[in-house]
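Take a look at the structure set out below.
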Amino acid sequence: MRTDAAGRPAPAGASWPGLLAAVALVWALSAAFTFLPWWHAHGLYLRDAVRVDGQWWRLATAMWVHLDGHHWLADMLAATGVLAICARVARVRSLLLVLVACGIAVQVVLLRVPAIAWYGGLSGALHGLALWGALGLLRAPGLARVTGVLLCLGVLAKVWVEQSWLAPVVFDPAWGFGVVRVAHAAGAVAGLLCWVLQEWWLARRPARDHGAAA
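Counting from 1, one number per residue, gives the positions in the sequence shown under the UniProt record's numbering.
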């Protein structure tokens with residue numbers, strides 16, 4: 001059995017059928033929330049609807065809503081790439097769990113940013129998944145480790161260049177709407193926290209198993 005430097009078994013990747021199913025699920029769910037009017041209207045993050053009207057489900061659905069076809073397609077292509085890269089060292093269940101966790105974390109952070117009245121999109125969650133997966137790739141040998149290093153540097157550099165702590169949202173003429181940069185930073189932090197929590201949990205398992213064996 002292949003192990004990492006700490007003697008822990010190297011993480012197992014996703015199967016091709018599982019990866020394709022995950023990609024199809026992400027595309028289908030995002031398409032439904034983007035192109036079906038009722039789903040779009042009730043899925044978009046609206047600050048007042050959440051805080052005043054108690055529509056808390058929007059914290060879990062906003063990540064799937066996109067503002068137009070180009071926005072949707074760009075996020076879906078990015079999601080396909082990130083999922084494929086991270087699937088080298090993670091099961092499908094873990095990939096989807098981290099993606100959703102990061103997406104919800106982004107919305108919770110946006111509740112603390114009054115300048116963001118509404119939001120939709122998967123980019124924040126994808127920043128988190130990318131960083132989480134990149135940290136996992138650092139344990140893998142060869143090209144996978146190089147990919148992990150480059151992906152880590154790419155996410156961190158992008159967050160630094162955007163400097164969302166100075167301007168949480170910036171209008172982008174190419175897109176025709178404001179890009180919520182703080183969502184990218186929040187997603188990256190959420191991905192890092194998911195990785196730290198995972199490492200803490202995995203470190204406890206050998207201790208528990210050893211105690212049970214003793």
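For each residue, glycine too, the CB sits at the ideal point set by N, CA and C.
Model, not experiment: these values are computed from the prediction.
| query | Helix, strand or coil: which one does DSSP assign to Trp118? | reply | Taking the sequence shown and counting its residues from 1, one reaches residue 118 at position 118. In the structure shown, Trp118 adopts extended strand secondary structure according to DSSP, grouped into three states.
| query | Would the beta-carbon of Leu96 fall within 7 Å of that of Ala186? | reply | Position 96 of the sequence shown, counted from the start, is the residue given in the question as residue 96. Position 186 of the sequence shown, counted from the start, is the residue given in the question as residue 186. With respect to Ala186, Leu96 sits apart: the two C-beta atoms are not nearer than 7 Å.
| Taking DSSP as the reference, what is the three-state secondary structure of Val189? | On the sequence shown, residue 189 is found 189 positions in, with the first residue counted as 1. In this structure, Val189 counts as helix in the three-state DSSP scheme.
| said: Extract the residue ranges of the alpha helix (DSSP H) inside the stretch 136-174, only unbroken runs of 4 or more that lie entirely within it. | reply: Listed in chain order, the complete alpha helix (DSSP H) runs (minimum 4 residues) inside the stretch 136-174 are 143-162.
| message | Quick check: Ala134 and Gly124, are their CB atoms within less than 7 Å of each other? | response | Locating residue 134 in the sequence shown gives position 134, counting from the first residue. Locating residue 124 in the sequence shown gives position 124, counting from the first residue. Pairing Ala134 with Gly124 gives a Cβ-Cβ distance that is not under 7 Å.
| query | How should Ser15 be labelled, buried or exposed, when 16 other C-beta atoms within 10 angstroms of its C-beta is the threshold for buried? | reply | Indexing the sequence shown from 1 puts residue 15 at position 15. So Ser15 ends up on the exposed side.
| Supposed close pair Trp72, Ala31 - CB separation, criterion 8 Å | Position 72 of the sequence shown, counted from the first residue, corresponds to residue 72. Position 31 of the sequence shown, counted from the first residue, corresponds to residue 31. That belief holds up - the Cβ atoms of Trp72 and Ala31 are roughly 7 Å apart, short of 8 Å.
| With a CB to CB cut of under 7 Å and the five nearest residues on each side skipped, what residues in its chain are close to His40? | Working through the sequence shown from its first residue, we reach residue 40 at position 40. The answer, listed in chain order, is Phe33, Thr34 and Val65.
| Leaving out five residues before and five after Trp27 in sequence, what residues of the same chain have Cβ atoms less than 6 Å from its Cβ? | Working through the sequence shown from its first residue, we reach residue 27 at position 27. When the five nearest sequence neighbours on each side are left out, the beta carbons in the same chain lying within less than 6 Å of the beta carbon of Trp27 are those of Met76, in order along the chain.
| field | Every unbroken alpha helix (DSSP H) inside the stretch 30-76 [4 residues or more] | value | Whole alpha helix (DSSP H) segments, 4+ residues: 37-43, 47-51 and 58-61.
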